[in-house]
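Trainee: What follows is a structure written as structure tokens; I'll ask about it next.
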């Protein structure tokens, strides 16, 4: 009887073994791959010379300065020039913007040349692919900037839209690629990048705040500012009281118009001459 029970239980045991065997095999392979991965990382770290680590750090510093600092600073400066009534101050800010963008292109080009000469560019990761797209975009932007039509010329609106879109793309994607570059540096060298990530995040946050604050600064200044001796500015959403005529009891309403925000942005945010 015992023999029969043991014989009957054999198919059950065998089925359980066959059921769990793929799972056990998968877990074992995963552990082996992890071990190989750690060995490969440690091997690559040991293979990196001091010169290679220095080149990687210098490459990151060049691109950080270019796309993470000079490009957004240039954007903020050209937006400041929109508020300037003085033609002389406007020209100074405009040429300052141009110089910063030229320096940004030169530094990014130096970083690209260093990457081609010193690194393995297999383009298997997002940092390298996005970097390649950015290298092309910054040179297209530079050419578009130098081909600027004069204000009022045919095609000026289309040129401004392309220039604005390219600048926005470069600034946003450049910021993202700096984060991916910091992660790639950590993976290659096993060095901590927490401090650099915090510093860059603080810089980006400050610039984003300043960018948004620029749109509201003029509005803030107008709140409660005295015009002439007795008049004060009214909020934009406050209805203006009707004007009463001296000799008639007729009230003449003064219309309060609202401009389209996007149209107003493109009409007023095109600073270059």
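Residue numbers (the UniProt record's numbering): 1 to 273. Beta carbons: idealized from backbone N, C-alpha and C, even for Gly.
Note down, in chain order, each residue of its chain lying with its Cβ closer than 7 Å to the Cβ of residue 204, except the 5 sequence neighbours on either side.
Mentor: To locate residue 204, count along the chain shown from 1; it is residue 204. 175.
Trainee: Candidates 55, 74 and 68: which alpha carbon is nearest residue 164's?
Mentor: On the chain shown, position 164 is the one that residue 164 refers to. Closest by alpha carbon: 74.
Trainee: Determine the burial state of residue 64: buried for a count of at least 16 other Cβ atoms within 10 Å of its Cβ, exposed for fewer.
Mentor: The residue given as residue 64 occupies position 64 in the chain shown. When all chains shown are included, residue 64 counts as buried.
Trainee: Can you give me the start and stop residues for the alpha helix (DSSP H) that residue 188 sits inside?
Mentor: Translated into the one-based positions of the chain shown, residue 188 becomes position 188. Element bounds for residue 188: 156-189.
Trainee: Using a Cβ-Cβ cutoff of less than 8 Å, which residues in the same chain neighbour residue 68 once the five nearest sequence positions on both sides are dropped?
Mentor: Sequence index remark: in the chain shown, residue 68 carries index 68 (1-based). Counting only Cβ-Cβ distances below 8 Å, and skipping sequence neighbours, we find 174, 175, 178, 200, 203 and 204.
Trainee: Alpha carbon to alpha carbon, how far is residue 171 from residue 157? Give it in angstroms, no decimals.
Mentor: Against the chain shown, residue 157 aligns to sequence position 157. Against the chain shown, residue 171 aligns to sequence position 171. So the alpha carbons of these two residues sit roughly 21 Å apart.
Trainee: Give me, in chain order, the residues of the same chain whose beta-carbon lies closer than 8 Å to that of residue 162; leave out the 5 immediate sequence neighbours on both sides.
Mentor: Here residue 162 is taken as the residue at index 162 of the chain shown, counted from 1. Within the same chain, residue 162 has close Cβ partners 144.
Trainee: Exposed or buried, residue 59, counting other C-beta atoms within 10 Å across all chains shown (16 or more means buried)?
Mentor: Locating residue 59 in the chain shown gives position 59, counting from the first residue. Flag for residue 59 reads buried.
Trainee: On the three-pair Cβ rule with 8 Å, is the segment 113-123 touching the segment 90-99?
Mentor: At 8 Å Cβ cutoff, the stretches do not touch.
Trainee: The alpha helix (DSSP H) that contains residue 140, what's its start and end?
Mentor: Counting from one through the chain shown, the residue named residue 140 turns up at place 140. Its alpha helix (DSSP H) spans residues 126-146.
Trainee: By how many angstroms is the C-alpha of residue 81 removed from the C-alpha of residue 92?
Mentor: In the chain shown, residue 92 corresponds to position 92, counting from 1. In the chain shown, residue 81 corresponds to position 81, counting from 1. Straight-line Cα distance between these residues: approximately 9 Å.
Trainee: Rounding to the nearest angstrom, what Cα-Cα distance links residue 191 and residue 153 in this structure?
Mentor: The residue labelled residue 191 in the question sits at position 191 within the chain shown. The residue labelled residue 153 in the question sits at position 153 within the chain shown. Taking the straight line joining both Cα atoms gives about 53 Å.
Trainee: Do you know how far the Cα of residue 221 is from the Cα of residue 133?
Mentor: Here residue 133 refers to the residue found at position 133 of the chain shown. Here residue 221 refers to the residue found at position 221 of the chain shown. Whole-angstrom Cα-Cα distance: 41 Å.
Trainee: Would you mind reading off the limits of the alpha helix (DSSP H) that contains residue 98?
Mentor: Position 98 of the chain shown, counted from the first residue, corresponds to residue 98. Taken as a continuous stretch (DSSP letters only), the alpha helix (DSSP H) holding residue 98 covers 87-118.
Trainee: Hey, quick one: how far does the alpha helix (DSSP H) through residue 122 stretch, first residue to last?
Mentor: Residue mapping note: residue 122 aligns to position 122 of the chain shown, counting from 1. Taken as a continuous stretch (DSSP letters only), residue 122 belongs to no alpha helix (DSSP H), as it is neither H nor E.
Trainee: Going by DSSP, what residue range makes up the alpha helix (DSSP H) through residue 208?
Mentor: By one-based count along the chain shown, residue 208 stands at place 208. Counting along the chain, the alpha helix (DSSP H) containing residue 208 begins and ends at 194-222.
Trainee: Secondary structure at residue 152, three-state DSSP: helix, strand or coil?
Mentor: For the purposes of this step, residue 152 is taken as residue 152 along the chain shown, with counting starting at 1. Residue state, collapsed to three classes: coil.
Trainee: By the DSSP assignment, the alpha helix (DSSP H) with residue 74 in it spans what residues?
Mentor: Within the chain shown, the letter at position 74 stands for residue 74. Segment 71-81, the alpha helix (DSSP H) holding residue 74.
Trainee: For residue 35 and residue 180, what's the separation of their Cα atoms in angstroms?
Mentor: The sequence position of residue 35 within the chain shown is 35, counting from 1. The sequence position of residue 180 within the chain shown is 180, counting from 1. Reliability of the predicted coordinates at residue 35 is poor, the pLDDT of 48 falling under 50, and the value obtained from them is presented with this limitation in mind. Those two C-alpha atoms are separated by around 25 Å.
Trainee: By the three-class DSSP mapping on this structure, what secondary structure does residue 48 have?
Mentor: The sequence position of residue 48 within the chain shown is 48, counting from 1. It is coil, neither helix nor strand.
Trainee: Report the option in 166, 50, 167 and 79 whose CA atom is closest to the CA atom of residue 215.
Mentor: Locating residue 215 in the chain shown gives position 215, where the first residue counts as 1. Nearest C-alpha to residue 215: 79.
Trainee: Which residues in the same chain have their Cβ closer than 7 Å to the Cβ of residue 42, if we skip the five residues on either side of it in sequence?
Mentor: Residue mapping note: residue 42 aligns to position 42 of the chain shown, counting from 1. Bear in mind that a pLDDT of 49 at residue 42, under 50, signals an unreliable position, so the model cannot answer this.
Trainee: Measuring alpha carbon to alpha carbon, tell me which of 105, 114 and 169 ends up nearest residue 56.
Mentor: The residue labelled residue 56 in the question sits at position 56 within the chain shown. Answer by Cα proximity: 114.
Trainee: Once you ignore the five residues that flank residue 185 on each side, which residues in its own chain have a CB closer than 8 Å to its CB?
Mentor: On the chain shown, residue 185 is found 185 positions in, with the first residue counted as 1. Within the same chain, residue 185 has close Cβ partners 56, 57, 60, 191 and 193.
Trainee: Checking 7 Å against the spacing of the C-beta atoms, do residue 287 and residue 62 come in under that value?
Mentor: Any answer about residue 287 is impossible in this case: the structure gives the chain only from 1 up to 273.
Trainee: Please return the same chain residues whose Cβ sits closer than 6 Å to the Cβ of residue 21, not counting the five positions on each side in sequence.
Mentor: Here residue 21 is taken as the residue at index 21 of the chain shown, counted from 1. In this prediction, residue 21 scores a pLDDT of 48, lower than 50, which makes its location untrustworthy; the coordinate-derived value is nonetheless stated afterwards. The answer is none, since no qualifying residue turns up.
Trainee: Can you list, in chain order, the residues of its chain whose CB lies under 6 Å from that of residue 84, leaving out five sequence neighbours each side?
Mentor: Along the chain shown, one-based indexing puts residue 84 at 84. Cβ within range, chain order: 90.
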